[in-house]
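S.K.: First, the structure itself, so that you have it in front of you.
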């Protein structure tokens, strides 16, 4: 009887863990999807709410470089849409990665002062858990090849 009871407890514990893991994956995917939707539709203030502090600085910089012609191009097209291709959470439950496919993405090249709609692209987002929230780490490569970290 004890063996059956112990086995039942282990099975129940495993099911609870699996459900919690799946719930976290859904939350991670929703955060990445919303961020990508905001980011590629140039809604940087909304994206900032889902980003780490260093990523928020990048978003403010990008927002300051959006031109009226970029907005006109954006509004003349179908809004960007996001599909999740793959997601994973590390064994500690503190870091995650989500691979998104974005359709109708507006890409702005700040250096060349040029913007264009890309039919489809794949973006890999890194997320970190801050308290109970999953935040996106979207950093720009530094000239020396290193990245800023939160």
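Numbering (this note's numbering), first residue to last: 7 to 156. Glycine included, C-beta positions come from ideal geometry on N, C-alpha and C. Note that the coordinates shown come from a computational prediction; the quantities given were computed from them, not determined experimentally.
Leaving out five residues on either side along the sequence, give the residues of the same chain with a beta carbon under 6 Å from the beta carbon of residue 131.
M.R.: Numbered from 1 along the chain shown, position 125 holds the residue referred to as residue 131. Hits under 6 Å: 38, 104 and 142.
S.K.: State the Cα-Cα distance for the pair residue 140 and residue 45, rounded to the nearest angstrom.
M.R.: As a first step, residue 140 is located in the chain shown; it is residue number 134 there, counting from the start. As a first step, residue 45 is located in the chain shown; it is residue number 39 there, counting from the start. Near 16 Å, if we compare the C-alpha coordinates of residue 45 and residue 140.
S.K.: With a threshold of 6 Å on Cβ separation, who are the neighbours of residue 88 within its own chain once the five nearest residues in sequence on each side are excluded?
M.R.: Looking up residue 88 in the chain shown gives position 82. Cβ within range, chain order: 39, 42, 43, 106 and 108.
S.K.: Mapping DSSP to helix, strand and coil, what is residue 114?
M.R.: Within the chain shown, numbered from 1, the residue matching residue 114 stands at position 108. Strand at residue 114.
S.K.: Which runs of the alpha helix (DSSP H), 4 residues or longer, sit entirely within the stretch 40–124?
M.R.: With a minimum length of 4 residues, the continuous alpha helix (DSSP H) runs that stay inside the stretch 40–124 are 50–54, 59–70 and 74–81.
S.K.: If you draw a straight line from the C-alpha of residue 64 to the C-alpha of residue 144, how long is it?
M.R.: Residue mapping note: residue 64 aligns to position 58 of the chain shown, counting from 1. Residue mapping note: residue 144 aligns to position 138 of the chain shown, counting from 1. Distance between the alpha carbons of residue 64 and residue 144: 8 Å.
S.K.: Can you give me the start and stop residues for the beta strand (DSSP E) that residue 139 sits inside?
M.R.: As a first step, residue 139 must be located in the chain shown, where it is residue number 133. Start and end: 139–143.
S.K.: Which of the three DSSP states is assigned to residue 128 in this structure?
M.R.: Looking up residue 128 in the chain shown gives position 122. DSSP places residue 128 in strand when its eight states are reduced to three.
S.K.: Below 8 Å on the Cβ atoms is my guess for residue 134 versus residue 101; work out the distance and round it to an integer in Å.
M.R.: Mapped onto the chain shown, residue 134 falls at position 128. Mapped onto the chain shown, residue 101 falls at position 95. Residue 134 to residue 101, Cβ: 6 Å. Contact.
S.K.: Confirm, please, whether the CB-CB distance from residue 80 to residue 47 is below 9 Å.
M.R.: By one-based count along the chain shown, residue 47 stands at place 41. By one-based count along the chain shown, residue 80 stands at place 74. The answer is yes: Cβ separation under 9 Å.
S.K.: Could you give the distance in angstroms between the alpha-carbon of residue 121 and the alpha-carbon of residue 78?
M.R.: Within the chain shown, numbered from 1, the residue matching residue 121 stands at position 115. Within the chain shown, numbered from 1, the residue matching residue 78 stands at position 72. So the alpha carbons of these two residues sit roughly 11 Å apart.
S.K.: Pull up the CB-CB distance for residue 76 and residue 114, whole angstroms please, since I reckon it's below 8 Å.
M.R.: As a working mapping, residue 76 is identified with position 70 in the chain shown. As a working mapping, residue 114 is identified with position 108 in the chain shown. Their Cβ separation, rounded to whole angstroms, is 6 Å, which keeps residue 76 and residue 114 in contact under 8 Å.
S.K.: In chain order, what residues of the same chain have a beta carbon less than 6 Å from the beta carbon of residue 54, not counting five sequence neighbours either side?
M.R.: Residue 54 sits at position 48 when you count from the first residue of the chain shown. Once the five neighbours on either side are set aside, the close Cβ partners of residue 54 are 62 and 65.
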